[in-house]
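Colleague: Top line first, the protein sequences correspond to chains A and B.
First residue of the first sequence: 1, per the working numbering; consecutive thereafter.
First residue of the second sequence: 1, per the working numbering; consecutive thereafter.
Where is the CB? At the ideal position from N, CA and C, for every residue including glycine.
Number of protein chains: 2
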Amino acid sequence: MATQSYKKLVEHYQSIDNFEHLRAICSWDQATFMPSGGADSRAEAMAELAVHLHKLHTAPHLAELFELAKDENLDTTQQASVKEMHRTWQLQTVLPAELVKAKSLAGAKCEHQWRIQRQENDWHGFLKNFEPVVALSQEEAQIRASSSRMTPYDAMLDIYEPGMCSTQLNQLFGDVATWLPQMIQTAAQDYSPNHTAQYPVEQQELLAHELMALLGFNFNHGRLDTSVHPFCGGTSQDTRITTRYGESEFVNAMMGVIHETGHACYEQNLPQSLAKLPVGKARSMAIHESQSLFYEMQIARSPEFIALLSDRASHYFPKYAAINKTQNLIAQLQRVEPSLIRVDADEVTYPAHVILRYEIERDLINGDIQSKDIPQLWDLKMSQLLGISTKDNYKDGCMQDIHWTDGSFGYFPSYTLGAMYAAQFKHTMAKTINIPQQINSRDLKPIYDWLNTQIWQKASLLSTQDLMVQATGTGLDVSIFKSHLQHRYCKA
Amino acid sequence: MATQSYKKLVEHYQSIDNFEHLRAICSWDQATFMPSGGADSRAEAMAELAVHLHKLHTAPHLAELFELAKDENLDTTQQASVKEMHRTWQLQTVLPAELVKAKSLAGAKCEHQWRIQRQENDWHGFLKNFEPVVALSQEEAQIRASSSRMTPYDAMLDIYEPGMCSTQLNQLFGDVATWLPQMIQTAAQDYSPNHTAQYPVEQQELLAHELMALLGFNFNHGRLDTSVHPFCGGTSQDTRITTRYGESEFVNAMMGVIHETGHACYEQNLPQSLAKLPVGKARSMAIHESQSLFYEMQIARSPEFIALLSDRASHYFPKYAAINKTQNLIAQLQRVEPSLIRVDADEVTYPAHVILRYEIERDLINGDIQSKDIPQLWDLKMSQLLGISTKDNYKDGCMQDIHWTDGSFGYFPSYTLGAMYAAQFKHTMAKTINIPQQINSRDLKPIYDWLNTQIWQKASLLSTQDLMVQATGTGLDVSIFKSHLQHRYCKA
Ligand SMILES: [Zn+2]
Ligand SMILES: [Zn+2]
Numbered sequence: 001m002a003t004q005s006y007k008k009l010v011e012h013y014q015s016i017d018n019f020e021h022l023r024a025i026c027s028w029d030q031a032t033f034m035p036s037g038g039a040d041s042r043a044e045a046m047a048e049l050a051v052h053l054h055k056l057h058t059a060p061h062l063a064e065l066f067e068l069a070k071d072e073n074l075d076t077t078q079q080a081s082v083k084e085m086h087r088t089w090q091l092q093t094v095l096p097a098e099l100v101k102a103k104s105l106a107g108a109k110c111e112h113q114w115r116i117q118r119q120e121n122d123w124h125g126f127l128k129n130f131e132p133v134v135a136l137s138q139e140e141a142q143i144r145a146s147s148s149r150m151t152p153y154d155a156m157l158d159i160y161e162p163g164m165c166s167t168q169l170n171q172l173f174g175d176v177a178t179w180l181p182q183m184i185q186t187a188a189q190d191y192s193p194n195h196t197a198q199y200p201v202e203q204q205e206l207l208a209h210e211l212m213a214l215l216g217f218n219f220n221h222g223r224l225d226t227s228v229h230p231f232c233g234g235t236s237q238d239t240r241i242t243t244r245y246g247e248s249e250f251v252n253a254m255m256g257v258i259h260e261t262g263h264a265c266y267e268q269n270l271p272q273s274l275a276k277l278p279v280g281k282a283r284s285m286a287i288h289e290s291q292s293l294f295y296e297m298q299i300a301r302s303p304e305f306i307a308l309l310s311d312r313a314s315h316y317f318p319k320y321a322a323i324n325k326t327q328n329l330i331a332q333l334q335r336v337e338p339s340l341i342r343v344d345a346d347e348v349t350y351p352a353h354v355i356l357r358y359e360i361e362r363d364l365i366n367g368d369i370q371s372k373d374i375p376q377l378w379d380l381k382m383s384q385l386l387g388i389s390t391k392d393n394y395k396d397g398c399m400q401d402i403h404w405t406d407g408s409f410g411y412f413p414s415y416t417l418g419a420m421y422a423a424q425f426k427h428t429m430a431k432t433i434n435i436p437q438q439i440n441s442r443d444l445k446p447i448y449d450w451l452n453t454q455i456w457q458k459a460s461l462l463s464t465q466d467l468m469v470q471a472t473g474t475g476l477d478v479s480i481f482k483s484h485l486q487h488r489y490c491k492a
Numbered sequence: 001m002a003t004q005s006y007k008k009l010v011e012h013y014q015s016i017d018n019f020e021h022l023r024a025i026c027s028w029d030q031a032t033f034m035p036s037g038g039a040d041s042r043a044e045a046m047a048e049l050a051v052h053l054h055k056l057h058t059a060p061h062l063a064e065l066f067e068l069a070k071d072e073n074l075d076t077t078q079q080a081s082v083k084e085m086h087r088t089w090q091l092q093t094v095l096p097a098e099l100v101k102a103k104s105l106a107g108a109k110c111e112h113q114w115r116i117q118r119q120e121n122d123w124h125g126f127l128k129n130f131e132p133v134v135a136l137s138q139e140e141a142q143i144r145a146s147s148s149r150m151t152p153y154d155a156m157l158d159i160y161e162p163g164m165c166s167t168q169l170n171q172l173f174g175d176v177a178t179w180l181p182q183m184i185q186t187a188a189q190d191y192s193p194n195h196t197a198q199y200p201v202e203q204q205e206l207l208a209h210e211l212m213a214l215l216g217f218n219f220n221h222g223r224l225d226t227s228v229h230p231f232c233g234g235t236s237q238d239t240r241i242t243t244r245y246g247e248s249e250f251v252n253a254m255m256g257v258i259h260e261t262g263h264a265c266y267e268q269n270l271p272q273s274l275a276k277l278p279v280g281k282a283r284s285m286a287i288h289e290s291q292s293l294f295y296e297m298q299i300a301r302s303p304e305f306i307a308l309l310s311d312r313a314s315h316y317f318p319k320y321a322a323i324n325k326t327q328n329l330i331a332q333l334q335r336v337e338p339s340l341i342r343v344d345a346d347e348v349t350y351p352a353h354v355i356l357r358y359e360i361e362r363d364l365i366n367g368d369i370q371s372k373d374i375p376q377l378w379d380l381k382m383s384q385l386l387g388i389s390t391k392d393n394y395k396d397g398c399m400q401d402i403h404w405t406d407g408s409f410g411y412f413p414s415y416t417l418g419a420m421y422a423a424q425f426k427h428t429m430a431k432t433i434n435i436p437q438q439i440n441s442r443d444l445k446p447i448y449d450w451l452n453t454q455i456w457q458k459a460s461l462l463s464t465q466d467l468m469v470q471a472t473g474t475g476l477d478v479s480i481f482k483s484h485l486q487h488r489y490c491k492a
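1) Hey, would you say threonine 186/B sits closer than 9 Å to cysteine 398/B, going by beta carbons?
2) Is histidine 259/A near ligand 1, going by C-beta to nearest heavy atom under 8 Å?
3) Here's the rule I'm using: 16 or more other beta-carbon atoms within 10 Å means buried, otherwise exposed. How should glycine 387/B be labelled?
4) Report the CB separation of serine 41/B from histidine 124/A in whole angstroms; it is logged as a contact under 8 Å.
5) Report the residue from Glu359/A, Gly256/A, Gly280/A whose alpha carbon sits nearest the alpha carbon of tyrosine 266/A.
6) Evaluate glycine 38/A with the Cβ neighbour count: other Cβ atoms within 10 Å of its Cβ, from every protein chain shown; 16 or more gives buried, anything less gives exposed.
7) By the 9 Å beta-carbon criterion, what residues does the stretch 9-28 of chain A contribute toward chain B?
8) Count the other CB atoms within 10 Å of the CB of glutamate 67/B; is the residue buried (16 or more) or exposed (fewer)?
9) Starting from the beta carbon of proline 35/B, find every residue of chain A whose beta carbon is closer than 8 Å, and list them in chain order.
10) Please confirm whether any heavy atom of ligand 2 lies closer than 8 Å to the CB of glutamate 289/B.
11) For a test of your reading of the model: does the CB of histidine 263/A fall under 8 Å from any non-hydrogen atom of ligand 1? Yes or no.
12) Give the straight-line distance between the Cα atoms of arginine 488/A and phenylalanine 481/A, rounded to the nearest whole angstrom.
13) Measure the alpha-carbon distance for phenylalanine 19/A versus threonine 226/B and round it to whole angstroms.
14) For isoleucine 447/A, count the other beta carbons within 10 Å of its own beta carbon; 16 or more makes it buried, fewer makes it exposed. Which is it?
15) Looking at threonine 416/B and valine 176/B, is the spacing between their C-beta atoms short of 9 Å?
16) Would you kindly work out how many angstroms separate the C-alpha atoms of glutamate 140/A and lysine 103/A, rounded to a whole number?
17) For the stretch 268-287 of chain A, list every residue whose C-beta sits within 7 Å of some C-beta in chain B, in sequence order.
18) So which residues of chain B does glutamine 410/A contact, with C-beta pairs closer than 7 Å?
19) How about the stretch 249-258 of chain A and the stretch 283-302 of chain A: do they share at least three Cβ pairs that are nearer than 8 Å?
20) Could you please give the first and the last residue of the uninterrupted alpha helix (DSSP H) stretch that includes glycine 222/A?
21) How about arginine 342/B: is its C-beta nearer than 9 Å to some C-beta of chain A?
22) For the alpha helix (DSSP H) that threonine 326/B lies in, which residues bound it at each end?
23) Give, in chain order, every residue of the stretch 67-95 of chain A whose Cβ lies closer than 7 Å to some Cβ of chain B.
24) Which residues in chain B have a C-beta closer than 8 Å to the C-beta of glutamate 48/A? List them in chain order.
25) At what residues does the beta strand (DSSP E) containing glycine 262/A begin and finish?
26) If you measure from the beta carbon of serine 41/A to each beta carbon in chain B, is any gap under 9 Å?
27) Closer than 9 Å, CB to CB, is histidine 61/A near chain B or not?
28) May I ask you to check if the CB of leucine 293/B is nearer than 8 Å to at least one heavy atom of ligand 2?
29) Between the alpha carbons of leucine 462/B and glutamate 64/B, how many angstroms are there, rounded?
30) Taking a contact to mean a Cβ-Cβ separation below 9 Å, would you say methionine 85/B touches glutamate 161/B in this structure?
31) When every heavy atom of ligand 2 is checked, does at least one fall within less than 8 Å of the C-beta of cysteine 26/B?
32) Should the stretch 427-440 of chain B be called in touch with the stretch 43-50 of chain B, which here means at least 3 C-beta pairs below 8 Å?
33) Does DSSP put glutamine 189/A in a helix, in a strand, or in coil?
34) Who are the neighbours of glutamate 210/A on chain B, taking C-beta pairs under 8 Å?
35) Is there at least one Cβ from chain B nearer than 9 Å to threonine 453/A's Cβ?
36) Whole angstroms are fine: how far does the CA of histidine 229/B sit from the CA of alanine 188/A?
Here you go:
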């Protein structure tokens, strides 16, 4: 048969996906319902599963199947499918097992101690564990680079954002860095809530479910639960999102829900015929983030949606209708204010946090700077981009994120690339859909139908570049992101 | 090293247990939180896991390891451990793969169609699917029997209740059958609730949690959730029980919770040093059931506990304090009434349902009767034991249970054996612990400490016979069960 090897590959990756399914559900359980006493045995079971998955990913017969599949008579989808399987296989097999193990151990130790060291602002203690993580990550980057003719950092970036490179990022982020500090100054506005309120969690949950339904979340194939750190997990047939509620405030929980709903709708609408194959998965981290940020930033922070949110809030929290009138929620949701912490940053200052991290991790992985240089560079770049000093404040400076502690270098750019892609999707969509009017009439179907057709159904069938060109007519255009920010935040 | 093969066996069975952990959590999720649209992909993932577990259980190198371990210098615990591993291995490897597959397919088909056929009282439709299940189960029983010098039925019984045989069951159940019908007549009492009430589920959950805590459930290592069919699942480090609430009534949900708490306390208190090995698991189905029935029947249906329940009910449902006074709850919880359905039966009539099923499945598997004979035998035995006819009523007669549909012959005796073991544990415990007084003072610790020492901590280190003798001084003694029933139900 002409597609025999291809079929064997399909079976193998479907089998992998079945085990990934078990991992996804047990991870979700770990973050939501597992009693704390279950942690040790769960960790053991998950470690066993990880070993098994690694065996499947590096099964010796795959090399030959990929060779044989090359000569088979495959259609376009099958070719794209083999390409993504092969990419997965390369990512998994290129590193020597000892390096994977050494990095995993160093990363676990660094992350574990970081949880205490960060609280204690203990940079020097952290540095001792961090330097081996960087050294092993550099080794990883060099091995990945040598098999792919990229720079070391680009080889790491490629894990999360295939097709992206630092030449393009330097250009994109360099552009942003020329106008962002001025824009932040123009847009900056204080916002301080001057009231106390009590929003019952049960009511917040009802509102969250209503918003999810409005945004197209399919409850027959997913759930909303609570966890300390909100996430989107589960599988594409059973997508589990979480949020975190506070009683004094409901807007943050709702924005979290809306953000994760964007991730979830992407997952839920991936093509079911390819569901268990690498080609049937989301295109990249940045495209994934573009969907959550489309929902959160392009839709939910628009004046029309904020008016809708205000109306629904008055229904669920009638006592605080006056506090939650549209103009107050706009003041809260469209505030701009330079601050130390990335995860709390607003839409305008967020890219500054990402650019700073990108420049440092790029130079670190390429060996152009050393770990010990980071605090000084952090302080310098924070001052340049946001006008804030982090001198001697490691806790709220270079020690604030978990990403680097286990060597996940190359991930940070996804956040701001996602914001840029989202702005570009919105820009194109607005040519054929009256988005404000759809929001006002509470019919978001044309909006998520567009995303479904242009992005969700495409899965990994196209490269990010081709996906963008087919959806928007052009590759990533940073000027659209700039216009979006100007339009929303620089009205005066 | 003198224990090298033993250590390899330990590693192998620990690895199996890690995958069983994933299965337990994903099964729990399937019954509690999974959205219905997730069912298909979950079924695929679970099937993949079952295949993988079967591979591990039948790994070719195990035979040699068991041979080598025989000559190793093992202590008593290690010897018991090898024995249980070997038992697990034999159960898994003795059947040819084609038979396992054929039975699984026939069973799935029979069970699937039974769900409709039962509703439609369609015995003849059911019989078509059931006959192949019986034929394959007979084949299974013969293969199991031939490797162990048992009768075919005893070989099936041995899966669930190692050490038990039909000679002993004939004697035990034969004894019961001589006095039970008369006792049922003596004890029979109508109970019909003559009020309407509304018990909010949130309050029932609070009461359930309080009762679980009282009974020694460790919430750091477990949870209570809801599902259509109550069960005890999860792992011994993370034990998940479920119940089902109705708003018009709270007693059944609480009895379900107490029953599953009995199962859960056994699981939670298995020796952690052996947690992942066959020898560290619960001894048998009947011993497991003895723990849930100890809690439900010996403790929770005692007058002292019912008084306690009445008091707590008046706290959580003050509106219905009069309805739930002790004497009313006793009338409900100690009612005796012959009825058609096993799962709704009371403590006195329940053994009749089990004896009937035992006699039929024994003769069926041994080839002494045929499937088509079942309805007539059912009607006959129901008349003899309970004085009720099931003529032409297959739905509430021989088609009421799920057990036979997939060929789980040999399981039914566990229920009544469990009730007998429970009565015997209580009888012994009462010699050193004033159980009524402990319940009155709401301190059940001495009770579950006794169970912990005598049963839970023993796991599968002893045979059921040795466990009984060590705990109670004698093997199973049916007269204790009889006395218990007489004492509680034949006071007049
Ligand atoms: Zn996100
Ligand atoms: Zn039970």
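Modeller: Working from what's here:
1) Annotated as distal: threonine 186/B and cysteine 398/B, with beta-carbon spacing of 9 Å or more.
2) yes
3) exposed
4) With a Cβ gap of about 49 Å, serine 41/B and histidine 124/A do not count as contacting.
5) Closest by alpha carbon: Gly280/A.
6) Burial check for glycine 38/A: the Cβ neighbour count within 10 Å reaches 16 or more, so the residue is buried.
7) Gln14, Ser15, Asp17, Asn18, Phe19, Glu20, His21, Leu22, Arg23, Ile25, Cys26, Trp28
8) exposed
9) Here the neighbours are Phe219, Asn220, His221, Gly222, Arg223, Asp238.
10) yes
11) Yes, the beta carbon of histidine 263/A sits closer than 8 Å to at least one heavy atom of ligand 1.
12) 11 Å
13) 26 Å
14) buried
15) yes
16) 9 Å
17) Cβ contacts with chain B come from no residue of the stretch 268-287 of chain A.
18) Residue identity differs from the one stated: residue 410/A is glycine in this sequence, not glutamine. None at all; the shortest Cβ gap to chain B is about 30 Å.
19) yes
20) No alpha helix (DSSP H) contains glycine 222/A, which is instead part of the beta strand (DSSP E) from 222-226.
21) no
22) It spans 326-333 - the alpha helix (DSSP H) in which threonine 326/B sits, taken as one unbroken run.
23) none
24) Ser15, Asn18, Phe19
25) Premise fails: glycine 262/A lies in the alpha helix (DSSP H), 251-268, not in any beta strand (DSSP E).
26) Closer than 9 Å to the CB of serine 41/A there is at least one CB belonging to chain B.
27) Under the Cβ distance rule, histidine 61/A does not count among the residues neighbouring chain B, no pair being separated by less than 9 Å.
28) yes
29) C-alpha of leucine 462/B to C-alpha of glutamate 64/B: approximately 25 Å in a straight line.
30) no
31) No.
32) no
33) For glutamine 189/A, the secondary structure class from DSSP, reduced to helix, strand or coil, is strand.
34) Contact annotation for glutamate 210/A against chain B: no contact, minimum CB-CB distance about 17 Å [criterion: below 8 Å].
35) no
36) 57 Å
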